[in-house]
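Here is the structure we will look at, set down as structure tokens.
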Amino acid sequence: MKLHEYETKELFSKYGVKIPPGIVARTPEEVYNAAREIGTPVVLKAQVVVAGRGKAGGVKVANTPEEALELSRKMFGMEIKGLTVKKLYVTKYIEVEREMYLSLIIDRATRRYLFLASPTGGVDIEEIAKANPEKIKKIYVDPFVGVREYHIRSIASWLGFRPDAPQWRQVASVVSAMYKIMVDYDAELVESNPLAVTKDGDVIPLDARAIVDDNALFKHSDLAKALEEDPRDVTEFESWARKVGFHYVELDGDIGIIGNGAGLTMSTMDLVYHFGGRPANFLDIGGGASREVVREAVKVLLNHPRVRVIFVNIFGGITRADEVAQGIREALAGGGKPIVVRIKGTNEELGRKILAEIGVPLFEEAEEAAKKAVELAL
Amino acid sequence: MKLHEYETKELFSKYGVKIPPGIVARTPEEVYNAAREIGTPVVLKAQVVVAGRGKAGGVKVANTPEEALELSRKMFGMEIKGLTVKKLYVTKYIEVEREMYLSLIIDRATRRYLFLASPTGGVDIEEIAKANPEKIKKIYVDPFVGVREYHIRSIASWLGFRPDAPQWRQVASVVSAMYKIMVDYDAELVESNPLAVTKDGDVIPLDARAIVDDNALFKHSDLAKALEEDPRDVTEFESWARKVGFHYVELDGDIGIIGNGAGLTMSTMDLVYHFGGRPANFLDIGGGASREVVREAVKVLLNHPRVRVIFVNIFGGITRADEVAQGIREALAGGGKPIVVRIKGTNEELGRKILAEIGVPLFEEAEEAAKKAVELAL
Amino acid sequence: MTLINPNTKVVVQGATGREGSFHLQRMLEYGTKVVAGVTPGKGGVTVHGVPVYDTVEEAVRKHGVNATAIFVPAKFAVDALLEAVDAGVELAVVITEHIPVHDMLRAVNYAKSRGVTVIGPNCPGVVAPPIRTKIGIMPNSVYQTPGRIAVVSRSGTLTYEISFQLVKRGFGINVAIGVGGDPVVGLDLMEATLRVAQDPDVDAIVVIGEVGGDAEERLAKLYAEGAIGKPIVAYVAGRTAPPGKRMGHAGAIVMLGSGDAGGKIRAFREAGVPVAETPFEVPKLLAEVL
Amino acid sequence: MTLINPNTKVVVQGATGREGSFHLQRMLEYGTKVVAGVTPGKGGVTVHGVPVYDTVEEAVRKHGVNATAIFVPAKFAVDALLEAVDAGVELAVVITEHIPVHDMLRAVNYAKSRGVTVIGPNCPGVVAPPIRTKIGIMPNSVYQTPGRIAVVSRSGTLTYEISFQLVKRGFGINVAIGVGGDPVVGLDLMEATLRVAQDPDVDAIVVIGEVGGDAEERLAKLYAEGAIGKPIVAYVAGRTAPPGKRMGHAGAIVMLGSGDAGGKIRAFREAGVPVAETPFEVPKLLAEVL
């Protein structure tokens with residue numbers, strides 16, 4: 100779950116970090132009132148969970164409440180990288196002296212938490228890594244040890260502060276807060292970019308974002324509720340698909356993909372692409388998927404406006420082929436689109452038989468099946 | 100710091116464990132009122148931090164408030180193993196079906212927490228270990244893992260309960276509370292003995308005690324304050340000595356011992372005993388002790404009524420011999436007792452010279468010095 | 004044999020559950036010495052003739068169990084793993100999916116500190132046809148042909164698919180390890196490859212990667228440095244995966260600009276590892292490097 | 004040499020403090036390669052000619068430090084130890100006394116999981132006369148005679164005392180290790196003895212125990228099983244220590260009925276280890292077993 104800037108900043112604030120005054124607004128009137136309350140100049144920031152919203156016109160400065168009202172009318176409803184702007188975060192305009200970068204992730208290789216710190220920020224970490232890799236320092240934190248003074252020391256001095264500078268404790272506060280957010284909220288990423296030194300000499304997270312582990316949302320009912328109310332980065336199809344319980348990602352082609360297992364499903368997409376087709380989606384029915392899930396999966400693609408051919412590629416491990424076949428049969432009972440099915444695995448023969456009964460062709464190999472799917476989509 | 104039964108039980112209660120109703124009383128009148136409030140029969144329990152107070156007459160049942168008043172008059176002021184009874188814990192009398200044993204310590208060998216559980220309790224663990232060693236089960240808990248369901252399962256089933264028994268969750272609650280007390284309060288021991296199954300079928304800590312790491316008291320100002328107000332298991336001399344800042348333990352002989360380092364000081368006691376003398380105390384001035392501390396140490400023993408000879412045995416490591424010598428000289432300025440001094444170590448010659456100036460004999464070897472001290476004490 | 008051997012004695016945690024019971028039977032059929040099951044509160048029953056206990060400790064004490072297959076639900080899986088570690092198993096295969104990553108991070112570190120090898124979570128496990136031992140959920144039918152090829156993979160079904168292709172073209176399999184699709188796994192693609200490379204009975208290794216993380220890049224680097232010492236053929240899934248999107252596996256995501264399939268394929272090729280364009284090309288490339 | 008060797012390069016944490024600075028100089032005088040100091044916020048100064056840094060990481064990077072001597076106050080000592088572990092030292096000697104035991108419990112476990120050997124806390128350290136290297140606070144004057152006797156002890160000053168007696172009677176010392184007086188130490192009396200026993204340059208081991216815990220009993224058991232393989236002479240302090248009282252060292256206490264000196268002496272004697280009645284008897288018994 101990707102957290103909005105305002106949600107992330109609220110967490111920073113909860114853990115004692117000073118953040119710029121800000122109000123979330125859902126209508127131009129709310130923007131106007133917020134601008135008056137906060138005091139102009141203000142910044143209007145589109146709350147969409149994508150990078151680069153500034154370049155896309157999602158961040159504007161308003162010098163009066165009236166200007167804020169005016170600007171917000173254009174910003175609400177804007178599309179930024181496919182996402183519609185529904186909320187604006189109205190924040191105090193802050194004069195900035197220097198922009199830094201600080202993020203916290205889980206490092207897969209070392210199985211530790213990892214801070215990435217750079218004394219220059221404001222652009223994506225990828226860009227810093229390309230232009231000035233020597234500016235990025237890695238500070239590892241073991242989960243059994245947690246953030247300690249020596250980590251803070253390492254980060255604060257790398258960001259350019261001396262222990263006796265007033266900013267030192269502010270950096271310490273940001274570092275501690277990021278770690279607490281990471282651990283307490285099961286985050287996979289907590290980022291402040293830019294982490295700014297203001298003209299007044301304060302260190303504040305001028306922008307911030309976080310991604311929370313979807314597998315841990317059961318522990319965080321407040322976030323789960325926020326996600327329910329504002330699915331943020333998913334299309335209607337994605338949202339629906341996830342509610343049914345499988346992994347679904349929207350792509351831009353016309354061949355609907357259903358696979359079991361993430362790797363096989365991705366490989367099926369790649370295979371379609373390899374033979375000249377364009378996958379419309381990623382739909383993984385997962386391990387141990389029930390007949391009902393398979394049925395719903397096929398139905399999603401039957402209803403998908405862009406999908407012209409459905410390609411089901413199942414190599415049975417924990418999934419039982421007869422369950423898959425029955426799900427497909429049930430889904431097709433209500434009419435259909437061309438379907439190419441390949442099943443191999445557990446209870447395979449039974450699955451084949453079930454499909455044969457409804458006249459759906461079966462392929463032995465995914466390669467032939469992929470070619471057939473691409474052919475049907477032409 | 101040894102916690103009283105009532106203090107330990109309050110911690111159990113804080114962490115959600117049901118404990119028998121109880122009130123701490125400091126006067127017979129308070130006992131009477133407590134007995135009325137709680138409802139008789141009640142148990143009067145002397146709050147002294149030693150084992151075996153029951154056998155010593157420190158635990159009595161009263162059937163009426165009047166009887167409680169009467170009994171308490173005899174109990175207040177009682178001496179139990181050298182400690183005076185100043186507080187009685189008045190608790191509801193509980194009918195007991197079965198007595199169990201459960202404690203939590205730090206296991207030095209494995210560097211893990213260790214629960215000791217026995218389905219029969221009420222006597223010291225040493226006695227269980229002697230009579231029924233097979234009844235004691237050890238359940239290790241790693242500090243990075245903490246108490247988990249599987250530990251609770253192991254303990255609860257060993258204590259004789261089935262997962263569907265109502266006592267199962269009560270044992271779980273006791274286990275969790277003990278672990279929390281252990282970690283949150285830096286305890287070295289948390290014990291419930293007996294942990295009782297009542298006639299009503301409840302599992303409750305009928306008696307409980309805990310020892311908190313003295314080195315961690317700075318984290319627990321509430322406990323430090325309680326210790327200040329009620330030094331509990333120390334004599335006046337011990338209390339004084341500890342306030343000065345060194346380790347002091349009262350023994351029953353007449354040769355006062357001052358050493359640097361715990362091992363050497365114990366060895367000095369043993370040496371005196373080996374040559375037929377009786378050590379009066381253990382006084383370790385520690386590593387890096389200042390002149391002031393040494394002076395106060397000698398003064399303590401000068402003022403000690405039982406000490407007839409003082410034996411200072413210093414082998415200088417982190418301690419500087421000249422500092423020791425100066426401390427001794429300063430202490431002796433106000434009059435004295437026979438003193439035998441042996442110093443060896445850092446700045447040794449300087450120390451020797453200082454002592455020579457005030458006519459205190461110096462020994463090369465502790466063995467000769469010990470013999471001399473024993474001789475002087477005859 | 005890597006990870007497992009003829010003395011491997013397995014306990015199934017979650018043995019009385021639907022999946023646990025189903026796969027316990029498949030493991031027995033394959034030849035695995037499944038000697039015990041564990042389901043707290045169900046101690047005393049048997050599943051497919053295998054005795055079930057309340058605790059792993061009991062299974063270890065009574066049957067000398069040294070490996071576990073964990074099928075318990077995500078909320079309880081970390082506890083099950085820690086219990087197995089504390090009970091003294093040497094290998095833990097965590098099949099369970101959807102375990103919170105921070106919990107697994109701590110558990111994996113703990114297991115390592117106790118010298119326990121963890122495979123998974125969210126993995127198909129490990130299978131060794133030469134000794135007919137499987138701890139996991141791979142389809143038995145695919146792993147009937149022993150041989151000298153090792154398969155190491157971040158995927159489940161794609162592993163079966165490619166193993167199937169290998170067998171079909173006459174290759175035999177020494178061991179197949181699915182390391183798991185989560186961001187934090189006990190043994191990652193690089194580490195597992197390094198392990199199988201040390202087995203004298205392995206001639207070549209098929210590595211199946213996917214988007215997310217940098218295990219493929221780290222492996223490519225090791226290979227280039229000569230640390231593997233055996234031929235590798237790679238396949239990487241997810242060339243058509245969009246950035247910033249989680250592709251089924253919790254670990255299959257391009258984040259902070261790193262982990263895309265293109266970069267991994269490039270890293271392999273630059274290190275001299277041939278990369279198959281499709282799963283079906285793997286046997287062909289394998290034949291070329293042997 | 005056990006624990007230290009001619010390539011041991013030491014950083015002193017808390018180098019600018021009173022004790023740290025004092026002992027840094029003593030270590031230099033003895034011959035120890037003290038190449039750096041660390042005091043957060045004091046980076047840039049020098050102490051007795053040794054450069055001081057803000058972080059251990061810097062000391063490691065610039066001087067190839069592989070061992071640390073920690074002199075920082077109790078409240079900060081655990082952080083200092085963890086910092087050293089994360090910075091990659093191989094050996095950490097924690098001199099500091101009064102560290103909360105739970106904090107040390109976690110730190111020692113963590114250090115072990117990272118392969119770092121910890122000596123202490125609340126210890127005099129380690130000294131090896133043959134290579135004139137000392138990490139700790141032992142008086143240099145006592146350790147001037149290299150030889151083939153190892154001394155392993157839970158005490159500080161008592162170790163110097165007995166080492167002094169040994170040297171006086173003509174014995175030379177290979178290594179002396181004070182394992183520390185706390186209940187939880189990085190390497191306990193048994194473990195440290197096991198380590199020195201493996202050194203071919205050690206002929207016999209003097210073990211100095213005291214009340215509290217069961218390290219002496221465990222060592223006696225190992226000895227009886229033949230796991231030490233070298234003669235041991237023991238001394239145990241605290242025969243006159245009353246039960247339930249902490250005797251200076253946090254670890255020197257008889258608790259739950261175990262840990263008294265009598266039991267330890269009995270365990271040693273039953274295992275065939277001679278136990279000296281006084282420190283001064285140690286050299287005599289040593290001469291008898293050699």
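Chains as they are written, first to last, in the numbering used here: chain A, 100 to 477; chain B, 100 to 477; chain C, 4 to 293; chain D, 4 to 293. Just so it is clear, CB atoms sit at the ideal spot from N, CA and C, and this is done for glycine as well.
Query                                                                                                                                                                           : Result
Which runs of the beta strand (DSSP E) spanning at least 3 residues fall entirely within the stretch 11–70 of chain D, listed in chain order?                                   : 13–16, 37–41, 53–56
Please check if any C-beta of chain B sits within less than 8 Å of the C-beta of glutamate 284 of chain C.                                                                      : no
Kindly list, in the order they appear in chain C, the residues whose Cβ is closer than 7 Å to that of proline 242 of chain B.                                                   : Correct list: empty, because the minimum Cβ distance to chain C is about 10 Å.
Going by alpha carbons, who is nearest to asparagine 162 of chain B out of B/Val142, B/Met177, B/Arg152?                                                                        : B/Val142
Between the Cα of glutamate 220 of chain D and the Cα atoms of B/Ile118, B/Ala208, B/Leu382, which residue gives the shortest distance?                                         : B/Ala208
Please identify the residue among B/Leu322, B/Gly153, B/Val148 whose C-alpha is closest to the C-alpha of aspartate 283 of chain B.                                             : B/Leu322
Tell me which residue opens and which closes the alpha helix (DSSP H) that arginine 221 of chain D is part of.                                                                  : 218–227
I need the straight-line Cα distance from lysine 84 of chain B to alanine 468 of chain B, nearest angstrom please.                                                              : Any answer about residue 84 of chain B is impossible in this case: the structure gives chain B only from 100 up to 477.
Could you tell me the boundaries of the beta strand (DSSP E) in which proline 304 of chain A lies?                                                                              : 302–304
Alanine 396 of chain B and valine 439 of chain B: beta carbons closer than 8 Å?                                                                                                 : no
Indicate the three-state DSSP secondary structure (helix, strand or coil) for alanine 150 of chain B in the structure shown.                                                    : coil
Within 8 Å (strictly less), CB to CB, does lysine 248 of chain B reach chain C?                                                                                                 : The sequence shown places glutamate at residue 248 of chain B, rather than the lysine named in the question. True, the Cβ-Cβ gap to chain C drops below 8 Å.
At which residue ranges does the stretch 143–185 of chain C contain complete alpha helix (DSSP H) runs of 4 or more residues, listed in the order of the chain?                 : 160–171
Can you find the residues in the same chain that come closer than 7 Å, C-beta to C-beta, to lysine 35 of chain D, ignoring five residues on each side of it along the sequence? : According to the sequence shown, residue 35 of chain D is threonine rather than lysine. Only Val13, Thr136, Lys137, Ile138 meet the Cβ criterion.
May I ask you to report which of helix, strand or coil DSSP gives methionine 199 of chain B?                                                                                    : strand
If I measure Cβ to Cβ from leucine 52 of chain B and keep anything under 8 Å in the same chain, skipping five residues before and after, which residues do I get?               : Missing from the structure shown is residue 52 of chain B; chain B here goes from 100 to 477 and no further.
Indicate whether at least one CB of chain B lies closer than 8 Å to the CB of histidine 101 of chain D.                                                                         : yes
Who are the neighbours of serine 116 of chain C on chain F, taking C-beta pairs under 8 Å?                                                                                      : This model lacks chain F altogether, as its protein chains are A, B, C and D.
So tyrosine 372 of chain B contacts chain D; which residues on that side make the cut at Cβ distance below 9 Å?                                                                 : Arg242, Thr243
For chain D, is any of its Cβ atoms less than 8 Å away from the one on serine 256 of chain A?                                                                                   : yes
Should alanine 145 of chain A and valine 130 of chain A be called a contact, given that it needs their Cβ atoms to be closer than 8 Å?                                          : no
Hey, how far is the Cα of phenylalanine 79 of chain D from the Cα of arginine 247 of chain B?                                                                                   : 30 Å
Could you tell me which chain D residues have their CB closer than 7 Å to the CB of alanine 124 of chain B, listed as they occur along the chain?                               : What alanine 124 of chain B touches in chain D: nothing, since even the nearest Cβ is about 26 Å away.
How would you label aspartate 299 of chain B, buried or exposed, when you count the other beta carbons within 10 angstroms and need 16 or more for buried?                      : exposed
Per the DSSP calculation, leucine 94 of chain D is bridged to which residue(s)?                                                                                                 : D/Ala70, D/Thr120
Answer yes or no: does any C-beta atom of chain B fall closer than 8 Å to that of proline 43 of chain C?                                                                        : yes
Is the separation between the beta-carbon of threonine 219 of chain A and that of glutamate 198 of chain A shorter than 8 Å?                                                    : yes
Can you pull the chain A residues whose beta carbon is under 7 Å from the beta carbon of threonine 160 of chain C, in chain order?                                              : Asn359, Gly360, Gly362, Leu363, Phe414, Gly416
Below 8 Å CB to CB, which residues in the same chain sit around leucine 108 of chain C once its five sequence neighbours on both sides are set aside?                           : Val187
Going straight from the alpha carbon of valine 41 of chain C to that of methionine 4 of chain C, what length do you get?                                                        : 26 Å
When you compare each of D/Ala237, D/Ala253, D/Arg269 to serine 166 of chain D by their alpha carbons, which one comes out closest?                                             : D/Ala237
Output the distance between the C-alpha atoms of glutamate 194 of chain B and proline 120 of chain B, rounded to the nearest integer angstrom.                                  : 14 Å
Would you please state the rounded distance, in angstroms, between the beta carbons of valine 68 of chain C and valine 38 of chain C? I believe it to be under 8 Å.             : 6 Å
By Cβ distance, which residues of its chain are closer than 7 Å to arginine 172 of chain B, with the 5 residues on each side in sequence left out?                              : Pro127
Would you mind sorting valine 48 of chain C into buried or exposed? The rule is 16 or more other CB atoms within 10 Å of its CB.                                                : exposed
Throw me the rounded Cβ distance for the methionine 100 of chain B and leucine 326 of chain B pair, which I believe falls under 8 Å.                                            : 5 Å
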